[in-house]
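J.: To start, I am sharing the structure in question, which I have written as structure tokens.
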Amino acid sequence: MSHVDDGMLHAYLDGELSPAEVQGVDAHLAQCSDCGRRLAEERALIARAAELLALAAPPDRELPPFRAGDVKPPTRLWWQVRLPLAWAATIALALGIGTYLGRDTEPPRRAETTTDAAAAKPRTPAEPVRGLTRRAARTPPAAQPAPPPRARADNLPRPRPEPLVSQADTAAAYAYAERVADSVAGITRRKASQDEHGRWQKGDAISIDSARRVLGADPLVVPGVPIEAFYRGRSIGYSGVVIVEQALDSTTMIEVINARSAPAVLDEVVVTGAQPVRSRPAEAAPPAAPRPAPSPGAGLFREVRGPLSSDSLAALRRLLRPLRP
25 MSHVDDGMLH AYLDGELSPA EVQGVDAHLA QCSDCGRRLA EERALIARAA
75 ELLALAAPPD RELPPFRAGD VKPPTRLWWQ VRLPLAWAAT IALALGIGTY
125 LGRDTEPPRR AETTTDAAAA KPRTPAEPVR GLTRRAARTP PAAQPAPPPR
175 ARADNLPRPR PEPLVSQADT AAAYAYAERV ADSVAGITRR KASQDEHGRW
225 QKGDAISIDS ARRVLGADPL VVPGVPIEAF YRGRSIGYSG VVIVEQALDS
275 TTMIEVINAR SAPAVLDEVV VTGAQPVRSR PAEAAPPAAP RPAPSPGAGL
325 FREVRGPLSS DSLAALRRLL RPLRP
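If you count by my numbering, then the sequence shown holds residues 25 to 349, one letter each, in order.
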């Protein structure tokens with residue numbers, strides 16, 4: 025016999041069940057003692073919680089009657105000190121203006137000489153010689169140019185002290201120089217890579233048989249590396265160019281360049297002013313010595329390019345082997 029779950033029991037206590045569900049729960053509680061005991065525990069818990077909440081609630085008190093005279097507007101501190109602050113600001117401004125104007129204004133200087141005092145005395149005709157002497161004395165001498173100001177030790181420019189460079193600044197300068205050198209080296213490598221890509225132009229994709237016909241030999245590849253495609257290439261000075269694309273991993277691709285040099289046609293070279301070649305009697309030529317068999321890939325220009333360092337590309341170049349059918 026299944027018991028009433030907690031959700032159904034709580035809904036029964038909260039009165040959220042329909043009448044049919046309430047009748048079913050009542051019938052089950054009448055037959056099941058365990059569910060009846062659970063219902064009693066839940067009801068006791070609810071009653072205990074209601075008692076605790078009633079104790080925690082504040083007591084009911086009547087609010088005092090409201091009187092408009094009891095409310096006072098808040099006193100503003102700024103409103104109380106506004107007048108003293110205004111007077112203090114006015115006095116400070118007046119003192120500042122007076123000091124500034126008094127600094128620029130200098131009292132007039134009056135230079136009184138003994139010659140001016142003597143000229144103020146009346147002249148008499150009985151003293152002609154003295155009058156001439158006084159007239160000569162009254163005439164001011166010509167103003168002499170002021171000597172140039174002497175150079176003082178305070179006016180001489182002082183050498184600026186050399187800035188002290190700490191070890192941290194020196195290390196930072198060395199690190200900056202290394203970063204600049206690495207940046208320049210990276211730019212140089214990218215420039216060389218762009219020039220190399222511009223030298224070898226990639227054309228349409230071809231098959232392995234077409235690559236052998238273009239080169240006249242088996243193309244060279246890096247053994248053990250998956251081959252993605254063969255491309256017909258073009259470059260100045262080469263009659264046949266085949267570019268083999270191989271995948272080192274899912275993100276790194278390399279290109280193996282196989283190129284055969286264009287043979288120089290000497291019969292088409294015309295030398296002006298040369299004497300005609302006289303026919304000579306055929307001389308018995310010695311028998312030609314047997315030549316060794318050419319090595320695979322002999323006469324082919326080989327190169328490996330890709331997003332790797334120069335040492336890695338050189339190591340891959342040494343691993344190149346002809347692709348056998």
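Where a beta carbon is used, it is the ideal one built from N, C-alpha and C, also for glycine.
If you pair each beta-carbon of the segment 236 to 251 with each one of the segment 278 to 287, do three or more pairs fall below 8 Å?
T.: Yes, the segment 236 to 251 is in contact with the segment 278 to 287.
J.: What would DSSP say about GLU202, mapped onto helix, strand or coil?
T.: By 1-based counting over the sequence shown, the position of residue 202 is 178. Note: GLU202 maps to helix in three-state DSSP.
J.: What residue range is occupied by the uninterrupted alpha helix (DSSP H) comprising GLY48?
T.: Counting from one through the sequence shown, the residue named residue 48 turns up at place 24. Looking at the DSSP string, the run of the alpha helix (DSSP H) that includes GLY48 is 43 to 55.
J.: Measuring CB to CB, does VAL249 end up less than 8 Å from GLN270?
T.: Taking the sequence shown and counting its residues from 1, the one referred to as residue 249 is at position 225. Taking the sequence shown and counting its residues from 1, the one referred to as residue 270 is at position 246. Contact: yes.
J.: Under a Cβ-count criterion, where at least 16 other Cβ atoms within 10 Å of its own Cβ denotes burial, should ALA199 be classed as buried or exposed?
T.: The residue given as residue 199 occupies position 175 in the sequence shown. By the 10 Å Cβ count, ALA199 comes out exposed.
J.: Just the Cα atoms here: how many angstroms apart are HIS27 and GLU86?
T.: The residue labelled residue 27 in the question sits at position 3 within the sequence shown. The residue labelled residue 86 in the question sits at position 62 within the sequence shown. Each residue's alpha carbon lies about 50 Å from the other.
J.: List the DSSP bridge partners of TYR255.
T.: Start at 1 with the first residue of the sequence shown, and residue 255 comes out as number 231. According to DSSP, which records beta bridges pairwise, TYR255 is partnered with ALA229, ILE267.
J.: Per DSSP, what are the beta-bridge partners of TYR262 in this structure?
T.: Along the sequence shown, one-based indexing puts residue 262 at 238. Bridge partners of TYR262: SER285.
J.: Shortest alpha-carbon distance to PHE254 belongs to which of ASP273, ALA339, LEU41, ASP233?
T.: As a position in the sequence shown, residue 254 is number 230, starting the count at 1. Ranking the options by Cα distance to PHE254, first place goes to ASP233.
J.: Of the choices ILE230, GLU202, ASP206, ARG326, whose alpha-carbon is the least far from that of TYR262?
T.: In the sequence shown, the residue the question calls residue 262 occupies position 238. Comparing Cα positions, the closest option is ARG326.
J.: Return the CA-CA distance between LEU272 and LEU332, expressed in angstroms with no decimal places.
T.: Taking the first residue of the sequence shown as position 1, residue 272 is located at position 248. Taking the first residue of the sequence shown as position 1, residue 332 is located at position 308. Their Cα atoms are separated by approximately 11 Å.
J.: By Cβ distance, which residues of its chain are closer than 7 Å to GLY227, with the 5 residues on each side in sequence left out?
T.: Sequence index remark: in the sequence shown, residue 227 carries index 203 (1-based). TYR255, ARG256, GLY257, ARG258, listed in sequence order.
J.: If we count the other Cβ atoms within 10 Å of its Cβ and call it buried at 16 or more, is GLY122 buried or exposed?
T.: To locate residue 122, count along the sequence shown from 1; it is residue 98. GLY122 should be labelled exposed.
J.: Taking LEU33 as part of the alpha helix (DSSP H), name the residues at either end of that continuous run.
T.: Position 9 of the sequence shown holds residue 33. It spans 30 to 38 - the alpha helix (DSSP H) in which LEU33 sits, taken as one unbroken run.
J.: Which of the three DSSP states is assigned to GLU327 in this structure?
T.: On the sequence shown, residue 327 is found 303 positions in, with the first residue counted as 1. When secondary structure is reduced to three states using DSSP, GLU327 falls in the strand class.
J.: Determine the burial state of GLY126: buried for a count of at least 16 other Cβ atoms within 10 Å of its Cβ, exposed for fewer.
T.: Walking along the sequence shown from the start, residue 126 turns up at place 102. With fewer than 16 other Cβ atoms from the protein chains shown falling within 10 Å of its own Cβ, GLY126 counts as exposed.
J.: Using a 10 Å radius around the Cβ and a threshold of 16 neighbouring Cβ atoms, would you call ALA241 buried or exposed?
T.: Translated into the one-based positions of the sequence shown, residue 241 becomes position 217. Taking a 10 Å sphere around the C-beta of ALA241, we find 16 or more other C-beta atoms and assign the residue as buried.
J.: Restricting to Cα atoms, I'd like to know which of ILE230, MET32, LEU76 is closest to GLN47.
T.: What you label residue 47 is simply residue 23 of the sequence shown in a count that begins at 1. Cα-wise, what sits closest to GLN47 is MET32.
J.: If I'm right that VAL266 touches LEU239 with Cβ under 8 Å, what's the distance once you round it to whole angstroms?
T.: Taking the first residue of the sequence shown as position 1, residue 266 is located at position 242. Taking the first residue of the sequence shown as position 1, residue 239 is located at position 215. With 8 Å as the limit, VAL266 and LEU239 qualify as a contact, their Cβ atoms being about 6 Å apart.
J.: Do you know how far the Cα of GLY120 is from the Cα of LEU109?
T.: Position 85 of the sequence shown, counting from 1, holds the residue named residue 109. Position 96 of the sequence shown, counting from 1, holds the residue named residue 120. About 16 Å.
J.: According to DSSP, which residues form a beta bridge with ILE374?
T.: Only positions 25 to 349 of the chain appear in this structure, which leaves residue 374 out of reach.
J.: Could you name the residues that DSSP lists as bridge partners for GLU279?
T.: Your numbering for residue 279 matches position 255 in the sequence shown. BP columns for GLU279 point to GLU269, ARG329.
J.: Measuring straight from C-alpha to C-alpha, what distance separates ILE211 and ARG203?
T.: Sequence index remark: in the sequence shown, residue 211 carries index 187 (1-based). Sequence index remark: in the sequence shown, residue 203 carries index 179 (1-based). Cα to Cα, the separation comes out at about 12 Å.
J.: Could you give the DSSP three-state label for ALA338: helix, strand or coil?
T.: Taking the first residue of the sequence shown as 1, we reach residue 338 at position 314. Correct three-state label for ALA338: helix.
J.: Leaving out the 5 sequence neighbours to the left and right, which residues in its chain are closer than 8 Å to LEU343 when beta-carbon positions are compared?
T.: On the sequence shown, residue 343 is found 319 positions in, with the first residue counted as 1. So the qualifying residues of the chain are VAL246, PRO247.
J.: If contacts are defined as beta-carbon pairs under 8 Å, then VAL350 and LEU37 qualify, I think. What distance do you get, rounded to the angstrom?
T.: A query on residue 350 cannot be resolved here, the shown segment of the chain reaching from 25 to 349 and no further.
J.: Buried or exposed, going by whether 16 or more other CB atoms sit within 10 Å of the CB of ALA64?
T.: If you number the sequence shown from 1, residue 64 lands on position 40. ALA64 should be labelled exposed.
J.: Classify PRO108 as helix, strand or coil using the three-state DSSP reduction.
T.: On the sequence shown, position 84 is the one that residue 108 refers to. Here PRO108 sits in helix by DSSP.
J.: Can you tell me whether ALA338 is buried or exposed? The criterion is at least 16 other CB atoms within 10 Å of its CB, across all chains shown.
T.: Taking the sequence shown and counting its residues from 1, one reaches residue 338 at position 314. Label assigned to ALA338: exposed.
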